[in-house]
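Please read the structure below before turning to the comments.
In the numbering used here, the protein residues as written are 90 to 282.
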């Protein structure tokens, strides 16, 4: 399989994984948290995609997650996440930030002897900052453009810091490096990076 075909296949598979994970998480958690159900595994998959290769993957991963979020929101009737400025825009920015943090950390630690410092830590930091940026931007957009949580960013953060953000941050920090390492091993098998 040539490089372009591999990349197209990777985009398709990753988009499907993000969509299915988000759909399952939304159906499971929407009964408890109807406004903003946690997206622990789908965000880990998203930010793994964002830090996988280059800035295009970063933004594309965020856009894919945003589109999936809008589709799932329309399926379950969540009026807030159908809005592109709540679902799509914050995720595209968060994907770019995740890639930038990972790329910066990779450059900073490129001469380290330990694989942890060269590869694992940059992916973990990218995942963590991507999730943090996602949470802050989505909650800000919810607060300023909808009546969710009474239109208050502070109320939104208080409501979601323990139920969503903490678990999503841990997933970004722990799962992103594992997913990236696994997928890179398969994607680059027999090829140079």
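The beta carbon of each residue, even a glycine, is placed where N, CA and C say it ideally should be.
None of the values given here were measured: they were computed from a predicted structure.
If you compare alpha carbons, which of the options is closest to residue i?
i           : options            : result
residue 104 : 201, 133, 202, 188 : 133
residue 187 : 147, 231, 106      : 147
residue 128 : 142, 113, 120      : 113
residue 120 : 261, 254, 230, 167 : 167
residue 97  : 118, 117, 145, 126 : 145
residue 149 : 99, 116, 200, 90   : 99
residue 253 : 156, 92, 228       : 228
Which same chain residues, not among the five before or five after residue i, have their C-beta less than 7 Å away from its C-beta?
i           : result
residue 258 : 217, 220, 221
residue 115 : 126, 161, 165
Going along the chain, which residues of its own chain have a beta-carbon closer than 6 Å to the beta-carbon of residue i, five neighbours each way excluded?
i           : result
residue 170 : 158, 162, 176
residue 154 : 107, 135, 180
Assuming the contact rule is C-beta atoms closer than 8 Å, residue i and residue j should be a hit. Round their C-beta distance to whole Å, please.
i           : j           : result
residue 223 : residue 179 : 6 Å
residue 94  : residue 111 : No, residue 94 and residue 111 are not in contact; Cβ-Cβ is about 26 Å, not under 8 Å.
residue 151 : residue 101 : Actually they are not in contact, since the Cβ atoms of residue 151 and residue 101 sit about 17 Å apart, beyond 8 Å.
residue 214 : residue 191 : 7 Å
residue 231 : residue 237 : 5 Å
Among the residues of its own chain, which have a CB less than 8 Å from the CB of residue i, if the five just before and after it don't count?
i           : result
residue 118 : 126, 127
residue 194 : 210, 211, 214, 215
Segment contact, 8 Å Cβ cut-off, at least three pairs: the stretch 162-170 with the stretch 207-216: Contact fails: fewer than three Cβ-Cβ distances are below 8 Å.
Contact between the stretch 264-276 and the stretch 132-142 (3+ Cβ pairs under 8 Å): Put simply, the stretch 264-276 touches the stretch 132-142. At least three CB pairs are less than 8 Å apart.
Which full runs of the alpha helix (DSSP H) of 4+ residues lie inside the stretch 186-270, going along the chain? As far as the stretch 186-270 is concerned, its whole alpha helix (DSSP H) runs of at least 4 residues are 210-234, 242-249.
What ranges does the alpha helix (DSSP H) occupy inside the stretch 96-159, keeping only unbroken runs of at least 4 residues that lie completely in it? Within the stretch 96-159, the complete alpha helix (DSSP H) segments at least 4 residues long are 129-141, listed from N- to C-terminus.
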